[in-house]
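So the sequences go chain by chain: A and S.
In terms of this note's numbering, the first sequence has 52 at position 52, counting the first letter as 1, and numbering is strictly consecutive.
Just add 270 to the spot in the second sequence (first one is 1) and you have this note's numbering.
From the three backbone atoms N, C-alpha and C, an ideal C-beta is built for every residue, glycine too.
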Amino acid sequence: MIEFIDVEHEYRTAGGSVPALRGVSTTLSPGELVTVLGPNGSGKSTLARLANGLLHPSGGRVVVDAIDSTDAARVWEVRSRVGLVFQNPDNQIVATTVEEDVAFGPENLGVDRESMHERVHDALATVGLSGLEQREPHTLSGGQKQRLAIAGALALAPAYLVLDEPTAMLDLQGRADVIDVLGRLRDAGTGIMHITHHLADAAAADRVLVLVGGSVVYDGVPTTLFADAQLMQQCGLTMPPVGRLAEELRAAGVDVPADALTAESVVTAL
Amino acid sequence: MSLALSSVRYTYAAGTAFATDALAGIDLAFEPGELALVLGATGSGKSTLLRVAAGLLTPLSGSVRIDGRSVDGPLAVVEPGVGLVFQSPEMQLFAETVEADVRFGPLNQGLTEDEAHHRATRALEAVGLGAGEFGSRSPFTLSGGEARRAAIAGVLAMDPGYLLLDEPTAGLDVEGREAVREIVAASRRRAGVVVVTHDAEEFLGSADRVILLSAGRVTFDGPADELVQSPERFAEAGLKAPEILRAQILARDAGLELTRLSLDPADAGLLIATARRGAR
Numbered sequence: 001m002i003e004f005i006d007v008e009h010e011y012r013t014a015g016g017s018v019p020a021l022r023g024v025s026t027t028l029s030p031g032e033l034v035t036v037l038g039p040n041g042s043g044k045s046t047l048a049r050l051a052n053g054l055l056h057p058s059g060g061r062v063v064v065d066a067i068d069s070t071d072a073a074r075v076w077e078v079r080s081r082v083g084l085v086f087q088n089p090d091n092q093i094v095a096t097t098v099e100e101d102v103a104f105g106p107e108n109l110g111v112d113r114e115s116m117h118e119r120v121h122d123a124l125a126t127v128g129l130s131g132l133e134q135r136e137p138h139t140l141s142g143g144q145k146q147r148l149a150i151a152g153a154l155a156l157a158p159a160y161l162v163l164d165e166p167t168a169m170l171d172l173q174g175r176a177d178v179i180d181v182l183g184r185l186r187d188a189g190t191g192i193m194h195i196t197h198h199l200a201d202a203a204a205a206d207r208v209l210v211l212v213g214g215s216v217v218y219d220g221v222p223t224t225l226f227a228d229a230q231l232m233q234q235c236g237l238t239m240p241p242v243g244r245l246a247e248e249l250r251a252a253g254v255d256v257p258a259d260a261l262t263a264e265s266v267v268t269a270l
Numbered sequence: 271m272s273l274a275l276s277s278v279r280y281t282y283a284a285g286t287a288f289a290t291d292a293l294a295g296i297d298l299a300f301e302p303g304e305l306a307l308v309l310g311a312t313g314s315g316k317s318t319l320l321r322v323a324a325g326l327l328t329p330l331s332g333s334v335r336i337d338g339r340s341v342d343g344p345l346a347v348v349e350p351g352v353g354l355v356f357q358s359p360e361m362q363l364f365a366e367t368v369e370a371d372v373r374f375g376p377l378n379q380g381l382t383e384d385e386a387h388h389r390a391t392r393a394l395e396a397v398g399l400g401a402g403e404f405g406s407r408s409p410f411t412l413s414g415g416e417a418r419r420a421a422i423a424g425v426l427a428m429d430p431g432y433l434l435l436d437e438p439t440a441g442l443d444v445e446g447r448e449a450v451r452e453i454v455a456a457s458r459r460r461a462g463v464v465v466v467t468h469d470a471e472e473f474l475g476s477a478d479r480v481i482l483l484s485a486g487r488v489t490f491d492g493p494a495d496e497l498v499q500s501p502e503r504f505a506e507a508g509l510k511a512p513e514i515l516r517a518q519i520l521a522r523d524a525g526l527e528l529t530r531l532s533l534d535p536a537d538a539g540l541l542i543a544t545a546r547r548g549a550r
């Protein structure tokens, strides 16, 4: 489990220090998909960087499977347990073929040839890129590139995967593909923390964490949040159009669940 | 009066083994006062289209003309100019203050300090960042949404006749997206506006015209409502239709007789409710 215990974080600037997180306590368990929402500047990316020790908290503690993230002797243990994927896939791809790119991480950890092949094969299969092993990464679509970046993180066999707006650069199909991969990883036992601006992405989550101004304003199941208009407003969130369609249909007496934020889930209720 | 692309082709790494056709014969004309939305899958040529239209890339063949005059080469000075707002433009803020950053463009156009200051003040007002409150701040103290708006102001201050924006709402929160939509809608009064985006839903309601790009070709060019009523066009261009349209398509597939499709939730709700009553 990743535990954030009363975490504070400040960025130091020339003019003083800017608080990014103020007393955040939450957890991420194996096999759990947590979506993190919140306005720009609410501390979401800081939380992601604290999760694997890339940043250390200014106050409180981050503990990964009982290892304190600031334990200098065990920093690589923490980093290998928590994979991090960022927004722009082009900045995360290093090799000249898809296969080599995925192999880059395990190679650096000294994984032997046999299990390397297996890891690369499995990681590509999980993200749906099997068969593209010899392709040059720059010829892939944006969605494929982002899934390649995820495969690169998966090849290190992390127990947890933290993704900071991995779909921001993608079209709707690319987004749907990535969300689908996250669901399958969760089902296979990986703990997933997905940071996003797209409320619809949260419908598939086990829990939603909403940060505003560096503090947690909601940590619970998506349905309770979605059904509470006042809380939604307090969190700076608005329903996407398909969610508002669901509200219209509910008002017309159709029994559409509050977490119906896909065309399929709305139409199933009809 | 138009920004016109005729038979424009562009190939990256032309003449090498890595040659990639990004634009494969584009004929488009953008008019002042018009908001055109360009949609397409990643890799369809959207960003290349904007770069060619802004004169940053020279087409391999074909021409780009502003009001009939050729934009010949990257350094051509043509009035009214074309302003391009890149993806994540806030990464390019560099000056010590917001006002100095926005003033940089007009100064480079040869305007006097006074004129540039006036332009900067007006541009900051236009993006909702009052020069009094924000002008003297460091760009690095702005929130993500404010920084995006300051970067857009830097382009508006050059008073372009055509304003091109690449993914202007990507990565922004609800409030930031709303602010950018308002800027785009208001800019139409002074310029021709072209928006490239993955978030079709953000702009479909306000666009005069939608262009679908697929593999460097235009596969649709028409009014937004024409596209809404024939959503199979999205799939043809390798795109997923907006979720609210897909809900109505699925409802149709399930046997509900919707008379038309709508992007507006209340309207769509009514259409579905009416169809359900008719089905009973």
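Taking just the CA atoms, how far does residue j sit from residue i?
{"i": "Val36(A)", "j": "Val64(A)", "result": "18 Å"}
{"i": "Gly143(A)", "j": "Ala311(S)", "result": "9 Å"}
{"i": "Ala505(S)", "j": "Leu482(S)", "result": "11 Å"}
{"i": "Asp534(S)", "j": "Pro241(A)", "result": "7 Å"}
{"i": "Val18(A)", "j": "Tyr11(A)", "result": "5 Å"}
{"i": "His194(A)", "j": "Glu32(A)", "result": "11 Å"}
{"i": "Pro257(A)", "j": "Ser277(S)", "result": "50 Å"}
{"i": "Ile179(A)", "j": "His117(A)", "result": "26 Å"}
{"i": "Gly174(A)", "j": "Glu437(S)", "result": "15 Å"}
{"i": "Gln357(S)", "j": "Arg547(S)", "result": "46 Å"}
{"i": "Ala470(S)", "j": "Thr544(S)", "result": "27 Å"}
{"i": "Val266(A)", "j": "Arg516(S)", "result": "10 Å"}
{"i": "Glu383(S)", "j": "Arg407(S)", "result": "19 Å"}
{"i": "Ile422(S)", "j": "Leu124(A)", "result": "39 Å"}
{"i": "Ser340(S)", "j": "Glu448(S)", "result": "36 Å"}
Please report whether the beta-carbon of residue i lies at a distance below 7 Å from any beta-carbon of chain A.
{"i": "Lys316(S)", "result": "no"}
{"i": "Pro535(S)", "result": "yes"}
{"i": "Leu482(S)", "result": "no"}
{"i": "Ala521(S)", "result": "yes"}
{"i": "Arg516(S)", "result": "yes"}
{"i": "Val444(S)", "result": "yes"}
{"i": "Ser333(S)", "result": "no"}
{"i": "Thr260(S)", "result": "Past the boundaries of the shown model lies residue 260(S); chain S is included only from 271 to 550, so the question cannot be answered."}
{"i": "Gly415(S)", "result": "yes"}
{"i": "Glu513(S)", "result": "yes"}
{"i": "Ala292(S)", "result": "no"}
{"i": "His468(S)", "result": "yes"}
{"i": "Ala423(S)", "result": "no"}
{"i": "Glu472(S)", "result": "no"}
{"i": "Ala370(S)", "result": "no"}
{"i": "Gly441(S)", "result": "yes"}
{"i": "Gly462(S)", "result": "no"}
Identify the residues that DSSP records as bridge partners of residue i: which are they?
{"i": "Thr26(A)", "result": "Phe4(A)"}
{"i": "Ser215(A)", "result": "Val212(A)"}
{"i": "Asp491(S)", "result": "Ile481(S)"}
{"i": "Asp68(A)", "result": "Val63(A)"}
{"i": "Ile296(S)", "result": "Val278(S)"}
{"i": "Val127(A)", "result": "In DSSP, Val127(A) forms no bridge with anything."}
{"i": "Pro39(A)", "result": "Its beta-bridge partners do not exist; DSSP assigns none."}
{"i": "Ser17(A)", "result": "Arg12(A)"}
{"i": "Ala306(S)", "result": "Val464(S) and Arg479(S)"}
If we cut at 7 Å on Cβ distances, does residue i have a partner in chain S?
{"i": "Ser141(A)", "result": "yes"}
{"i": "Pro158(A)", "result": "no"}
{"i": "Ala168(A)", "result": "yes"}
{"i": "Gly236(A)", "result": "yes"}
{"i": "Gln173(A)", "result": "yes"}
{"i": "Ala258(A)", "result": "no"}
{"i": "Leu272(A)", "result": "Nothing in the structure corresponds to residue 272(A), since chain A is present only between 1 and 270."}
{"i": "Gly41(A)", "result": "yes"}
{"i": "Pro241(A)", "result": "yes"}
{"i": "Arg197(A)", "result": "In the sequence under discussion, the amino acid at residue 197(A) is His, which differs from the Arg named in the question. Cβ-Cβ to chain S under 7 Å: yes for His197(A)."}
Would you check if there are 3 or more beta carbon pairs closer than 8 Å linking the region 509-527 of chain S to the region 316-329 of chain S? No: fewer than three Cβ pairs fall under 8 Å.
Can you check the region 314-372 of chain S for any alpha helix (DSSP H) of at least 4 residues that lies completely inside it and give the ranges in chain order? Positions of the alpha helix (DSSP H) runs, each at least 4 residues long and wholly inside the region 314-372 of chain S, are given as 316-323 in order along the chain.
Any contact between the region 83-90 of chain A and the region 145-159 of chain A? By contact I mean 3 or more CB pairs, one from each, below 8 Å. Yes: at least three Cβ pairs fall under 8 Å.
Just checking, does the region 288-305 of chain S make contact with the region 453-468 of chain S on the three C-beta pairs under 8 Å criterion? A contact exists between the region 288-305 of chain S and the region 453-468 of chain S.
Counting only runs that start and end within the region 383-452 of chain S, where is the beta strand (DSSP E) found for 3 or more residues in a row? Qualifying beta strand (DSSP E) stretches, in chain order: 432-436.
Tell me, please, whether the region 448-456 of chain S touches the region 279-299 of chain S by the rule of three or more beta-carbon pairs shorter than 8 Å. Judged by Cβ distances under 8 Å, the region 448-456 of chain S makes no contact with the region 279-299 of chain S, as fewer than three pairs qualify.
Answer yes if the region 491-507 of chain S comes into contact with the region 203-217 of chain A, meaning at least three C-beta pairs across the two stretches below 8 Å, and no otherwise. Too few Cβ pairs lie closer than 8 Å, so no.
Residue ranges of each alpha helix (DSSP H) within the region 178-251 of chain A, 4 or longer: Taking only runs of at least 4 residues, the alpha helix (DSSP H) segments lying wholly in the region 178-251 of chain A are 222-226, 229-234 and 241-251.
Below 8 Å, can you find three or more Cβ-Cβ pairs linking the region 131-142 of chain A to the region 97-115 of chain A? With a cut-off of 8 Å, the region 97-115 of chain A and the region 131-142 of chain A count as touching, because enough Cβ pairs lie within range.
For the pair the region 225-244 of chain A and the region 199-212 of chain A, tell me if three or more CB-CB distances fall below 8 Å. Three or more beta-carbon pairs separated by less than 8 Å link the region 225-244 of chain A to the region 199-212 of chain A, which places the two stretches in contact.
Using 8 Å as the Cβ pair cut-off and three pairs as the minimum, do the region 234-248 of chain A and the region 68-88 of chain A touch? Counting C-beta pairs closer than 8 Å gives fewer than three between the region 234-248 of chain A and the region 68-88 of chain A, which falls short of the contact rule.
Touching by the beta-carbon criterion (3+ pairs, under 8 Å), the region 183-197 of chain A and the region 43-63 of chain A: Touching, yes.
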